[in-house]
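Q: Before we start, here is the structure in question, set down as structure tokens.
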Amino acid sequence: AKDDPSRVMDLLKGLGAYCLVVVAGLLCQMLIIYPLLLRLWTPLGWKTFFKGLAPAQLLAFSTSSSGATLPVTMDRCRKHLGVSEEVTSFVLPLGATINMDGTAIMQGLATMFIASTVGVDLTLVQYGQIVLLAIVTSIGTAAVPSAGTVTLALILGSLGLPLDAIGLILAVDRILDMIRTAVNVCGDAAVSCIVAKSENELDEKIFNG
């Protein structure tokens, strides 16, 4: 029965586990993948990078919008990370539009959580489909709060999962959206540093200062 207390508790436990896994995935992307890319492609220190970008990430966390954070991100990259105006003017607006790594992580995990909750066993092919669709739909996601839950409906529909199941994650999505927006902004800045370094458009004196 829907009002069965044990069923409700199981659902809450599952939702808690979903939140922990999503946060772990987002933190892994921000604290491991991006610093690794900086380490592989540039000589830049990740501690200095995060220190210079901190105000932009804080704004991204509070607004849940990489679009609203864009002016601050561009300012921090130019004045504190040493990225040239030419690179920031091209890379960061483009990244705010198509670079949605945090959203892709959320959509993939949310789809698997919903499928498990409604009792649908996914095949290996469907897992691959989830990964592909999460990447593709995240590219077209608007840089506004909770836009990822809208495009999540496309993934659920392609797998035959009930669209109203999105309601299962809405209660916690705002908090997760704040984190994944900070991840997206971090990715935009990291790529701008990598591009600037490759084009000799990075002032390392500013970065290290």
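Residue numbers (the working numbering): 1181 to 1389.
Just so you know, even glycine gets a beta-carbon here, dropped at the ideal spot from N, CA and C.
All figures in this text were calculated on a predicted structure; none of them were measured in a lab.
When DSSP labels each residue in this structure, what does residue 1252 get in the three-state scheme?
A: DSSP places residue 1252 in helix when its eight states are reduced to three.
Q: Is there contact here, the region 1355-1375 with the region 1264-1279, by at least three beta-carbon pairs under 8 Å?
A: Touching, per the Cβ criterion.
Q: Have a look at residue 1191 and residue 1297 and give me their C-alpha separation to the nearest angstrom.
A: Those two C-alpha atoms are separated by around 8 Å.
Q: Do residue 1350 and residue 1329 have their beta-carbon atoms positioned less than 8 Å apart in this structure?
A: It is a contact, given that the beta carbons lie within the stated cut-off.
Q: Based on the DSSP output, what are the partners of residue 1382 in its beta bridges?
A: Answer by DSSP bridge pairing, in chain order: 1263.
Q: How would you label residue 1378, buried or exposed, when you count the other beta carbons within 10 angstroms and need 16 or more for buried?
A: Answer is exposed; the Cβ neighbour count stays below 16.
Q: Kindly confirm or deny that the region 1278-1298 and the region 1194-1209 touch, where touching means at least three C-beta pairs closer than 8 Å.
A: Output reads yes: the region 1194-1209 touches the region 1278-1298.
Q: Taking just the CA atoms, how far does residue 1381 sit from residue 1206?
A: Distance between the alpha carbons of residue 1206 and residue 1381: 29 Å.
Q: Would you kindly check if the distance between the Cβ of residue 1286 and the Cβ of residue 1202 is under 8 Å?
A: The answer is yes: Cβ separation under 8 Å.
Q: Who are the Cβ neighbours of residue 1239 in its own chain at under 7 Å, not counting the five residues just before and after it?
A: For residue 1239, where only same-chain residues beyond five positions count, the Cβ hits under 7 Å are 1249, 1252.
Q: In this structure, does DSSP put residue 1342 in helix, strand or coil?
A: DSSP places residue 1342 in coil when its eight states are reduced to three.
Q: Where residue 1235 and residue 1242 are concerned, what is the direct C-alpha to C-alpha distance, given to the nearest angstrom?
A: C-alpha separation (whole angstroms): 11 Å.
Q: Comparing the C-beta of residue 1217 with each C-beta of chain B, is any distance below 8 Å?
A: This model lacks chain B altogether, as it is built from one protein chain only.
Q: Is it right to say residue 1278 is buried, meaning 16 or more other beta carbons lie within 10 angstroms of its own, or is it exposed?
A: Exposed, because fewer than 16 other Cβ atoms sit within 10 Å of the Cβ of residue 1278.
Q: Please give me, in chain order, every unbroken run of the alpha helix (DSSP H) with length at least 4 that falls completely inside the region 1290-1332.
A: Correct list: 1304-1319.
Q: With H, G and I counted as helix, E and B as strand and the rest as coil, what does DSSP make of residue 1224?
A: Three-state result, residue 1224: coil.
Q: Between the C-alpha atoms of residue 1261 and residue 1361, what's the straight-line distance to the nearest angstrom?
A: Using only the alpha carbons, I get a separation of about 20 Å.
Q: What residue does the alpha helix (DSSP H) around residue 1189 start on, and which one ends it?
A: That run of the alpha helix (DSSP H) goes 1185-1208.
Q: Taking the C-alpha atoms as reference points, what is the distance between residue 1275 and residue 1214?
A: If I take the Cα positions, the gap works out to 14 Å.
Q: What is the DSSP secondary structure of residue 1286, counted as helix, strand or coil?
A: Note: residue 1286 maps to helix in three-state DSSP.
Q: Taking just the CA atoms, how far does residue 1341 sit from residue 1365?
A: Using only the alpha carbons, I get a separation of about 31 Å.
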